[in-house]
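Student: Have a look at this one.
Number of protein chains: 2
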Amino acid sequence: MSLTVAVVDAETPGNVGTIARAMKNFGLSELKLVDPPELDPDGEAYGFAGQAREDILPNADVVTFEALTEQYHTVATTAITNEDAAKHVRYPFVTPAELADELTGVDSDVCVMFGRERVGFTNDELAMVDQICSIPASAAYPVLNLGQAATIVLYELRNLSVERTQHPDAIDRANQSAIEGLHGQFGDFLEATDHPEEKRAKAQRLWRRLLGRAHPTGREVRTLRGLFRRADQKIED
Amino acid sequence: MSLTVAVVDAETPGNVGTIARAMKNFGLSELKLVDPPELDPDGEAYGFAGQAREDILPNADVVTFEALTEQYHTVATTAITNEDAAKHVRYPFVTPAELADELTGVDSDVCVMFGRERVGFTNDELAMVDQICSIPASAAYPVLNLGQAATIVLYELRNLSVERTQHPDAIDRANQSAIEGLHGQFGDFLEATDHPEEKRAKAQRLWRRLLGRAHPTGREVRTLRGLFRRADQKIED
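Protein chains in written order, with this note's numbering: chain E, 556 to 792; chain R, 556 to 792.
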C-alpha cells in the first residue's frame, strides 16, 4: 500500500506547513496540492513545517482534483456528516481509527484528502471520492482546524506508514520472580516494623494489588527491595 | 473524573489558541497557563482558537507549576522518552491511547500538561509529575509541534470528555433479510442476463463476499435490489 496526502484549495500557508510536519512526524512523504496558496520559502508554510521544510514541502506536486480521483483510492475528511443514508454524499463514513483498520492489508494506492479551512469539500467533490472519513468530536463544536484534523488522521494511520517509532520496543517490566521476591521482602519489612500480626496478610494483599496495577519495571522492583532490606537491617542494628 | 489542560511556558500565542480549540472540539473547558505569553484578544491566540475564543481562552487561569502538581494527578507529554529504566525521569511512559484506557474509571482530578515549543519540560519539572505520556511517531522525526501534540492527546482522551459527538449513534446497516433479498435478486439478474449457468454460483459467491466486506446500508441494498429488478423487467419486455 502507498499513502499520499492531498490538501485541496487551502487558503492558509500555515496549515499546509502544519500538515507537512505531521506527515514527516508519521512517516509520510508524498504531498499533493490542489489550488494551493503561495508557499513562500520565507513564509508561514515553511515556518510551520519543521523538518518537512527540507523535503516534503519543496517536493509537493500541484495537481488537479480529478487527477487524484483517477489515480488513487481517495478518502476525504469532513467534520459534518449526514445523519442517515438518505444522503449519500457524506454517508456512510468511517472514523480515522476505522479507516486505519480497513486500510491495513489493502494493497492499493490511497490518497487521504483535506479540504478548505471554512467549507471543507464541496458536495460535488465529495461525490467523486471513494470514502468519507470523519473525526468524532464534541457535538457542540465538531469543526476542527484543518491542520489539526489532518494531524489526527495521519496519527491514526501511523501504523501504515511509520516503520520505527522513537519508543523502545517494549517497556522493560519486572519478571514475576523478581516481583515475588519484593513481596517476600515486604513481608519481612512488616515483621521487622512490628506491624500487627493479624493485619499483615491484609497489608500484603494491598501491596500486591498496588504493584499488580503498576506493572513495575525490573529497576523499580530491585530499588524497592533494596530499600526494604536496608530498613530491616537498620531496625535489627 | 475531571480533566484539566495545562500549557507550561509556551512562547507562541498561536499554540495556546490551537490547544484551546482542540479542548473545545473534544469537550474540555478548564485551561491552566503557567508563565504564558501575552494573549492579546486581537492576536494569534484568539485567532487560532475558533469558538474557544469565547470561553476557554478568556477563562484560562494563570497558575504555578507547583500548584498543579499539588492539586492534580499530573501527566506531562514529551516526545523524547528514556530508553530504559536506568533513567526514571521519562520512563516508563504511556502512549495517549494507553493513558485514555488507564484513566477510564479512575475517579481523580487529572491535569494533562504540555510544555515549551522547543525544549518541552525540564527534567526537574518531569520529576514532579505523576505520569509521562509520549506520542509514538517516526523515529526519524518524532518531535511534534506543541499544538499538534496536544490535539492528538486530547483526541485520544475524548471518550473521557465528549458526552455526545456530531456523529449519528450508529451507521444504519441493512438487516440480513434485506441483504439476502438482494442476493436473491442478483441471482434472478444472472439468470435474466443469461450468465452461463455453470458460472452463476461463482458469481453469486463473489457478490456475497463484496457485500460482506462493504456492510451496506438499508438504502444501498434497497436501491441495488430495485436496479436489478428493473433490469430483469427490461430484459423480459
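Even for Gly, the Cβ is constructed at its ideal location relative to N, Cα and C.
Quick check on E:T567 - is its C-beta less than 8 Å from some C-beta in chain R?
Tutor: Mapped onto the first sequence, residue 567 of chain E falls at position 12. False, the Cβ-Cβ gap to chain R never drops below 8 Å.
Student: Of all the options R:A729, R:N637, R:E672, R:D724, which has the alpha carbon lying nearest to the alpha carbon of R:I687?
Tutor: For the purposes of this step, residue 687 of chain R is taken as residue 132 along the second sequence, with counting starting at 1. Comparing Cα positions, the closest option is R:N637.
Student: On a Cα-Cα basis, can you pick out the residue from E:R608, E:D749, E:E566, E:T629 that is closest to E:V560?
Tutor: Counting from 1 along the first sequence, the entry for residue 560 of chain E is found at position 5. Among E:R608, E:D749, E:E566, E:T629, the Cα nearest to that of E:V560 is on E:T629.
Student: Thinking C-alpha only, which one of E:D727, E:V661, E:R760 is nearest E:R777?
Tutor: As a working mapping, residue 777 of chain E is identified with position 222 in the first sequence. Measuring from the Cα of E:R777, the nearest candidate turns out to be E:D727.
Student: Just the chain R side, please: which residues come within less than 8 Å of E:L626 by C-beta, in chain order?
Tutor: As a first step, residue 626 of chain E is located in the first sequence; it is residue number 71 there, counting from the start. Rather than Leu, the amino acid found at residue 626 of chain E in this sequence is Gln. Going along chain R, no residue has its Cβ under 8 Å from E:Q626, so there is no contact; the nearest lies around 22 Å.
Student: Which residue from E:F648, E:E599, E:V667 puts its Cα closest to that of E:S716?
Tutor: The residue given as residue 716 of chain E occupies position 161 in the first sequence. Ranking the options by Cα distance to E:S716, first place goes to E:V667.
Student: Taking the C-alpha atoms as reference points, what is the distance between R:H770 and E:V649?
Tutor: Looking up residue 770 of chain R in the second sequence gives position 215. Looking up residue 649 of chain E in the first sequence gives position 94. Each residue's Cα considered, the two are about 12 Å apart.
Student: To the nearest angstrom, report how far apart E:I734 and E:R768 are at their CA atoms.
Tutor: For the purposes of this step, residue 734 of chain E is identified with residue 179 of the first sequence, where counting begins at 1. For the purposes of this step, residue 768 of chain E is identified with residue 213 of the first sequence, where counting begins at 1. Answer to the nearest angstrom: the Cα atoms are 12 Å apart.
Student: When DSSP labels each residue in this structure, what does R:A565 get in the three-state scheme?
Tutor: In the second sequence, counting from the first residue as 1, residue 565 of chain R sits at position 10. Three-state result, R:A565: coil.
Student: Counting only C-beta atoms, is E:V717 closer than 8 Å to chain R at any point?
Tutor: Here residue 717 of chain E refers to the residue found at position 162 of the first sequence. Taking Cβ atoms only, chain R reaches closer than 8 Å to E:V717, which makes this a yes.
Student: Select from E:A692, E:D664, E:V618, E:A607 the residue whose C-alpha is nearest the C-alpha of E:V571.
Tutor: On the first sequence, position 16 is the one that residue 571 of chain E refers to. Among E:A692, E:D664, E:V618, E:A607, the Cα nearest to that of E:V571 is on E:A607.
Student: Output, in chain order, the set of chain R residues within a Cβ distance shorter than 7 Å of E:D639.
Tutor: Taking the first residue of the first sequence as position 1, residue 639 of chain E is located at position 84. Within chain R, the residues near E:D639 are P723, D727.
Student: Show which residues of chain E have a CB atom less than 7 Å away from the CB atom of R:L699.
Tutor: Start at 1 with the first residue of the second sequence, and residue 699 of chain R comes out as number 144. Going along chain E in sequence order, the residues near R:L699 (Cβ under 7 Å) are N580.
Student: What residue from R:E625, R:P596, R:S663, R:D743 has the CA that sits closest to R:A615's CA?
Tutor: Residue 615 of chain R sits at position 60 when you count from the first residue of the second sequence. Nearest of R:E625, R:P596, R:S663, R:D743 to R:A615, Cα basis: R:P596.
Student: Closer than 7 Å by beta-carbon distance: list the chain R residues that pair up with E:S689, in chain order.
Tutor: For this step, residue 689 of chain E is matched to residue 134 along the first sequence. Ordered by position in chain R, the residues that pass the 7 Å Cβ test against E:S689 are H722.
Student: Run down chain R in chain order and give the residues with a C-beta less than 9 Å from the C-beta of E:C775.
Tutor: For the purposes of this step, residue 775 of chain E is taken as the residue at position 220 of the first sequence. Here residue 775 of chain E is Glu; the residue named in the question, Cys, does not match the sequence. Chain R residues near E:E775: A640, H643, P647.
Student: Could you name the residues of the same chain whose beta carbon sits closer than 7 Å to that of E:A758, not counting the 5 residues immediately before and after it, in chain order?
Tutor: Counting from 1 along the first sequence, the entry for residue 758 of chain E is found at position 203. If we look at E:A758 and ignore the five residues flanking it on each side, its Cβ neighbours are L745, H750.
Student: Taking the alpha helix (DSSP H) that R:D743 falls in, what are its first and last residues?
Tutor: Locating residue 743 of chain R in the second sequence gives position 188, where the first residue counts as 1. Its alpha helix (DSSP H) spans residues 731 to 747.
Student: Tell me, please, whether the CB atom of R:R673 is closer than 8 Å to any CB atom in chain E?
Tutor: On the second sequence, position 118 is the one that residue 673 of chain R refers to. No - not a single Cβ of chain E is within 8 Å of the one on R:R673.
Student: Using the Cα positions of E:G598 and E:D724, report the straight-line distance between them to the nearest angstrom.
Tutor: The sequence position of residue 598 of chain E within the first sequence is 43, counting from 1. The sequence position of residue 724 of chain E within the first sequence is 169, counting from 1. Looking at the two C-alpha atoms, the distance is approximately 38 Å.
Student: Closer than 8 Å by C-beta to E:A704: which residues in its own chain qualify, once you throw out the five before and the five after it? Chain order, please.
Tutor: Within the first sequence, the letter at position 149 stands for residue 704 of chain E. Taken in chain order, the residues that qualify are T632, A634, F669, I690.
Student: Can you tell me the Cβ-Cβ gap for E:A729 and E:E680, rounded? I've got them flagged as a contact below 8 Å.
Tutor: Counting from 1 along the first sequence, the entry for residue 729 of chain E is found at position 174. Counting from 1 along the first sequence, the entry for residue 680 of chain E is found at position 125. Not quite, the Cβ-Cβ distance comes to about 54 Å (not below 8 Å), so this is no contact.
Student: With 16 other CB atoms within 10 Å as the buried threshold, where does E:T619 fall?
Tutor: Residue mapping note: residue 619 of chain E aligns to position 64 of the first sequence, counting from 1. Counting Cβ neighbours within 10 Å, E:T619 comes out exposed, since fewer than 16 surround it.
Student: Quick one: give me the first and last residue of the beta strand (DSSP E) that E:M668 is part of.
Tutor: Taking the first residue of the first sequence as 1, we reach residue 668 of chain E at position 113. Run containing E:M668: 664 to 669, per the beta strand (DSSP E) assignment.
Student: Taking the CB atoms as reference points, tell me whether R:A655 and R:L712 lie closer together than 8 Å.
Tutor: On the second sequence, residue 655 of chain R is found 100 positions in, with the first residue counted as 1. On the second sequence, residue 712 of chain R is found 157 positions in, with the first residue counted as 1. Contact: yes.
Student: Residues of chain R with CB under 8 Å from E:I635, in chain order?
Tutor: Sequence index remark: in the first sequence, residue 635 of chain E carries index 80 (1-based). What E:I635 touches in chain R: Q721.
Student: Buried or exposed: which applies to R:S693, given that a residue is buried once 16 or more other Cβ atoms fall within 10 Å of its Cβ?
Tutor: Residue 693 of chain R sits at position 138 when you count from the first residue of the second sequence. Buried.
Student: Judging by CA-CA distance, which residue of E:L779, E:K754, E:R755, E:A756 is the nearest neighbour of E:L766?
Tutor: In the first sequence, counting from the first residue as 1, residue 766 of chain E sits at position 211. Among E:L779, E:K754, E:R755, E:A756, the Cα nearest to that of E:L766 belongs to E:L779.
Student: Just tell me which of E:K579, E:G739, E:V698, E:M556 has its CA closest to the CA of E:Y710.
Tutor: One-based indexing of the first sequence puts residue 710 of chain E at position 155. Measuring from the Cα of E:Y710, the nearest candidate turns out to be E:K579.
Student: For E:G605, decide whether its Cβ has a neighbour in chain R, counting only Cβ atoms nearer than 8 Å.
Tutor: Counted from its first residue, the first sequence places residue 605 of chain E at position 50. It does: the Cβ of E:G605 has a partner Cβ on chain R nearer than 8 Å.
Student: Taking R:R784 and R:Q731 to be in contact with their CB atoms under 8 Å, please state how far apart those CB atoms are, rounded to whole angstroms.
Tutor: Taking the first residue of the second sequence as 1, we reach residue 784 of chain R at position 229. Taking the first residue of the second sequence as 1, we reach residue 731 of chain R at position 176. With a Cβ gap of about 20 Å, R:R784 and R:Q731 do not count as contacting.
Student: Hey, would you say E:Y627 sits closer than 8 Å to E:D590, going by beta carbons?
Tutor: For the purposes of this step, residue 627 of chain E is identified with residue 72 of the first sequence, where counting begins at 1. For the purposes of this step, residue 590 of chain E is identified with residue 35 of the first sequence, where counting begins at 1. Cβ atoms of E:Y627 and E:D590: not closer than 8 Å.
Student: Out of R:M556, R:M683, R:D743, R:V563, state which residue places its alpha-carbon closest to the alpha-carbon of R:G781.
Tutor: Position 226 of the second sequence, counting from 1, holds the residue named residue 781 of chain R. Among R:M556, R:M683, R:D743, R:V563, the Cα nearest to that of R:G781 belongs to R:D743.
Student: Could you tell me how far apart the beta carbons of R:V708 and R:N678 are, in whole angstroms, since I believe they sit closer than 8 Å?
Tutor: For the purposes of this step, residue 708 of chain R is taken as the residue at position 153 of the second sequence. For the purposes of this step, residue 678 of chain R is taken as the residue at position 123 of the second sequence. Not a contact, Cβ separation roughly 21 Å.
Student: Looking only at its chain, what residues have a beta carbon closer than 8 Å to the beta carbon of R:T748, apart from the 5 residues adjacent to it on each side?
Tutor: Taking the second sequence and counting its residues from 1, the one referred to as residue 748 of chain R is at position 193. Here the set comprises A786, I790.
Student: I need the DSSP call for E:Q703, collapsed to helix, strand or coil.
Tutor: As a position in the first sequence, residue 703 of chain E is number 148, starting the count at 1. E:Q703: helix per DSSP, three-state reduction.
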